[in-house]
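Report on one structure; see the data block that follows.
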Amino acid sequence: MDVQKKLKKGILIRDESIAAEREQEAIVLTNLGQSIYDSGLADNKSLKKYKKTIGELNDEIQNLEDSLRRLLVDDEKRNANQEELKALKVELRNIRNKEEPLFDDLGRSSWELWKSGRSVHNGMEEALDDLIKAEARLQAAEDAVFRTEQETGGKAVKLLIKGKALLLAGRRKTASTALDRLWGRAGKKISRDIPAASFSDTSAGPPSSTLEALGKRREEISRRVSELNDESSDLDTALEEMPGKGGVKKRVNWIEARLETIQNNLDDAFRDLGKAWADQSGINSSDAVVGKWKKEWAEVNKRISVLEGEQNALSTHIEFLEAEKSRDVKVGEVGKLEEEVKSRQSVLKRLKKELSTMEKVLVDKREELPLLPEDR
Numbered sequence: 179m180d181v182q183k184k185l186k187k188g189i190l191i192r193d194e195s196i197a198a199e200r201e202q203e204a205i206v207l208t209n210l211g212q213s214i215y216d217s218g219l220a221d222n223k224s225l226k227k228y229k230k231t232i233g234e235l236n237d238e239i240q241n242l243e244d245s246l247r248r249l250l251v252d253d254e255k256r257n258a259n260q261e262e263l264k265a266l267k268v269e270l271r272n273i274r275n276k277e278e279p280l281f282d283d284l285g286r287s288s289w290e291l292w293k294s295g296r297s298v299h300n301g302m303e304e305a306l307d308d309l310i311k312a313e314a315r316l317q318a319a320e321d322a323v324f325r326t327e328q329e330t331g332g333k334a335v336k337l338l339i340k341g342k343a344l345l346l347a348g349r350r351k352t353a354s355t356a357l358d359r360l361w362g363r364a365g366k367k368i369s370r371d372i373p374a375a376s377f378s379d380t381s382a383g384p385p386s387s388t389l390e391a392l393g394k395r396r397e398e399i400s401r402r403v404s405e406l407n408d409e410s411s412d413l414d415t416a417l418e419e420m421p422g423k424g425g426v427k428k429r430v431n432w433i434e435a436r437l438e439t440i441q442n443n444l445d446d447a448f449r450d451l452g453k454a455w456a457d458q459s460g461i462n463s464s465d466a467v468v469g470k471w472k473k474e475w476a477e478v479n480k481r482i483s484v485l486e487g488e489q490n491a492l493s494t495h496i497e498f499l500e501a502e503k504s505r506d507v508k509v510g511e512v513g514k515l516e517e518e519v520k521s522r523q524s525v526l527k528r529l530k531k532e533l534s535t536m537e538k539v540l541v542d543k544r545e546e547l548p549l550l551p552e553d554r
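Quick note: the sequence shown uses the numbering used here, first residue 179, plus one each step.
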């Protein structure tokens with residue numbers, strides 16, 4: 179490696195070292211500025227503008243961090259609410275599935291109690307009203323069928339009587355089917371209107387008490403669903419008041435990006451404060467942290483000065499070598515030109531000698547020229 183390449187490599191190495199020291203200087207100045215701010219030294223009149231800027235940036239960071247925490251907490255709560263609502267929805271569906279056969283059982287057992295002449299509650303007959311009417315229709319249909327059968331006996335029946343019998347049989351089937359469909363409806367009315375305790379010692383007790391428990395749980399779920407919906411509505415309202423736009427994810431991204439920008443601005447403000455304080459002549463501080471960072475800043479600056487001095491020395495040597503190289507090129511050009519001049523001078527001398535000889539010949543010839551003859 180020639181000398182100039184070696185010198186240039188040395189400059190590049192010091193460039194990297196200086197860049198690293200500059201980064202360290204920025205960190206030291208930032209820490210120095212923060213320690214000055216924390217210690218109250220920024221109350222100096224010449225430094226108050228830096229203190230004001232730092233205070234404003236700190237306030238904005240605090241507000242953004244508070245908003246971010248609330249956003250995340252609210253979002254976690256919102257997700258928990260949604261999961262709970264899903265679970266409650268599943269539970270409600272399970273309750274409905276359990277209630278259907280229980281309503282049917284309660285309707286049948288209550289009907290049997292009432293039919294046996296045992297009324298456990300004043301509202302029993304009213305609750306069974308639809309069943310009572312349905313049974314009356316069924317009984318009427320069966321009576322009509324019975325009378326028709328009595329009328330025909332074993333004799334051959336006419337077409338009209340046969341049609342009437344079919345019609346009455348259809349009515350009986352319809353009435354019977356209607357009765358079967360009413361067990362669940364009656365059980366639902368009984369469960370709603372008659373306390374389960376009224377059936378405690380009867381066959382209707384188990385389905386009634388189970389339905390009562392399921393009903394209480396349904397009410398609890400209904401209240402909880404209402405509470406969760408209200409909370410979700412409040413969370414949605416609170417979200418609209420948060421910084422940024424859109425949903426939670428977009429607002430979180432916006433706040434995080436803004437926080438990064440403000441934090442960088444805050445570092446710059448601390449750095450400016452640290453530099454302004456350090457540049458003031460004769461300023462010392464009894465604060466140990468401030469003193470530590472000021473000392474480190476002085477050491478970084480000293481290292482940078484040394485590196486820059488070495489770099490300048492290397493650059494000066496390179497400039498000298500480049501000047502020498504330029505001088506050598508000129509020397510070569512001059513030498514070449516001198517050789518060319520010497521060569522041309524020799525040619526000139528020869529040509530002058532030849533020209534002198536030619537002049538002498540011309541003189542002699544001029545003297546020997548004869549007269550020209552006259553024109554005729």
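Glycine included, C-beta positions come from ideal geometry on N, C-alpha and C. Keep in mind the model is a prediction, meaning the values are calculated, not measured.
Burial state of Glu277, where buried means 16 or more other Cβ atoms lie within 10 Å: What you label residue 277 is simply residue 99 of the sequence shown in a count that begins at 1. That one is buried.
Within 8 Å, strictly: CB atoms of Leu210 and Ala456: By one-based count along the sequence shown, residue 210 stands at place 32. By one-based count along the sequence shown, residue 456 stands at place 278. Yes, these two residues count as a Cβ contact at 8 Å.
Close Cβ partners of Trp475 (< 8 Å) along its chain, the five nearest in sequence each way excluded: As a position in the sequence shown, residue 475 is number 297, starting the count at 1. So the qualifying residues of the chain are Glu203, Val206, Leu207, Leu210, Gly452 and Ala456.
For Gly469, the nearest candidate out of Gly362, Gln212 and Asp180 (CA to CA): Here residue 469 refers to the residue found at position 291 when the sequence shown is read from its first residue. It is Gln212 whose Cα lies nearest to the Cα of Gly469.
Under 8 Å between C-beta atoms of Leu526 and Gly188: Locating residue 526 in the sequence shown gives position 348, counting from the first residue. Locating residue 188 in the sequence shown gives position 10, counting from the first residue. No. Outside cutoff.
Asp282 and Gly362 closer than 8 Å at C-beta: Sequence index remark: in the sequence shown, residue 282 carries index 104 (1-based). Sequence index remark: in the sequence shown, residue 362 carries index 184 (1-based). Yes, the pair counts as a contact, with Cβ atoms nearer than the cut-off.
Three or more C-beta pairs below 8 Å linking the stretch 393-410 and the stretch 259-277: yes
Coil, strand or helix - Met420 by DSSP: Residue mapping note: residue 420 aligns to position 242 of the sequence shown, counting from 1. Note: Met420 maps to coil in three-state DSSP.
Environment of Ala501 [buried if 16+ CB atoms lie within 10 Å]: Position 323 of the sequence shown holds residue 501. Result: exposed.
Where Gly211 falls: helix, strand or coil (DSSP): Indexing the sequence shown from 1 puts residue 211 at position 33. Helix, per DSSP.
Neighbour-count burial assignment, Gly422, 16 or more Cβ in a 10 Å radius: Mapped onto the sequence shown, residue 422 falls at position 244. Buried, because 16 or more other Cβ atoms sit within 10 Å of the Cβ of Gly422.
Per-residue DSSP class, three states only, for Leu529: Here residue 529 is taken as the residue at index 351 of the sequence shown, counted from 1. Correct three-state label for Leu529: helix.
With 16 other Cβ atoms within 10 Å as the buried cut-off, status of Gly425: For the purposes of this step, residue 425 is identified with residue 247 of the sequence shown, where counting begins at 1. By the neighbour-count rule (16 or more Cβ atoms within 10 Å), Gly425 is not buried but exposed.
Cβ contact (3+ pairs, closer than 8 Å) linking the stretch 284-293 and the stretch 365-377: yes
Stretch-stretch touch, CB-based, cutoff 8 Å, three pairs: the stretch 213-230 with the stretch 502-519: no
Lys293: first and last residue of the uninterrupted alpha helix (DSSP H) it sits in: The count along the sequence shown starts at 1 and reaches residue 293 at position 115. Element bounds for Lys293: Lys226 to Lys293.
Outcome for Arg247 when other beta-carbon atoms lying within 10 angstroms are tallied against a minimum of 16: Start at 1 with the first residue of the sequence shown, and residue 247 comes out as number 69. Counting Cβ neighbours within 10 Å, Arg247 comes out exposed, since fewer than 16 surround it.
Cβ separation of Gly252 and Leu389, assumed to be a contact under 8 Å, to the nearest whole Å: Along the sequence shown, one-based indexing puts residue 252 at 74. Along the sequence shown, one-based indexing puts residue 389 at 211. The question names Gly, but residue 252 is Asp in the sequence shown. The pair is not a contact, with the Cβ atoms about 39 Å apart (cut-off 8 Å).
Reduced DSSP secondary structure (H/G/I, E/B, other) of Asp446: Start at 1 with the first residue of the sequence shown, and residue 446 comes out as number 268. Asp446 falls in the helix class under three-state DSSP.
Straight-line gap, Pro385 to Glu254 (C-alpha atoms, nearest Å): Translated into the one-based positions of the sequence shown, residue 385 becomes position 207. Translated into the one-based positions of the sequence shown, residue 254 becomes position 76. Cα-Cα distance, rounded: 40 Å.
Environment of Lys428 [buried if 16+ CB atoms lie within 10 Å]: For the purposes of this step, residue 428 is taken as the residue at position 250 of the sequence shown. Result: exposed.
Leu225 beta carbon less than 8 Å from that of Ala447: Within the sequence shown, residue 447 is the residue found at index 269, counting from 1. Within the sequence shown, residue 225 is the residue found at index 47, counting from 1. Not in contact: Ala447 and Leu225 (Cβ atoms no closer than 8 Å).
For Gln458, the three-state DSSP class (helix, strand or coil): As a position in the sequence shown, residue 458 is number 280, starting the count at 1. Correct three-state label for Gln458: coil.
Leu250 vs Ile433 beta-carbon contact at 8 Å: Taking the first residue of the sequence shown as position 1, residue 250 is located at position 72. Taking the first residue of the sequence shown as position 1, residue 433 is located at position 255. Not closer than 8 Å, so no.
Identity of the residue in Asp193, Asp412, Arg370 and Ser378 nearest Gly393 by Cα: To locate residue 393, count along the sequence shown from 1; it is residue 215. Of the listed residues, the one whose Cα sits closest to Gly393 is Arg370.
Top-ranked residue by Cα proximity to Ser288, from Asn222, Asp412, Ser376 and Arg528: The count along the sequence shown starts at 1 and reaches residue 288 at position 110. Of the candidates Asn222, Asp412, Ser376 and Arg528, the one whose C-alpha sits nearest the C-alpha of Ser288 is Ser376.
Beta-carbon proximity list for Asp221, same chain, < 8 Å, skipping 5 on both sides: Mapped onto the sequence shown, residue 221 falls at position 43. Excluding positions up to five away in sequence, the list reads Lys229.
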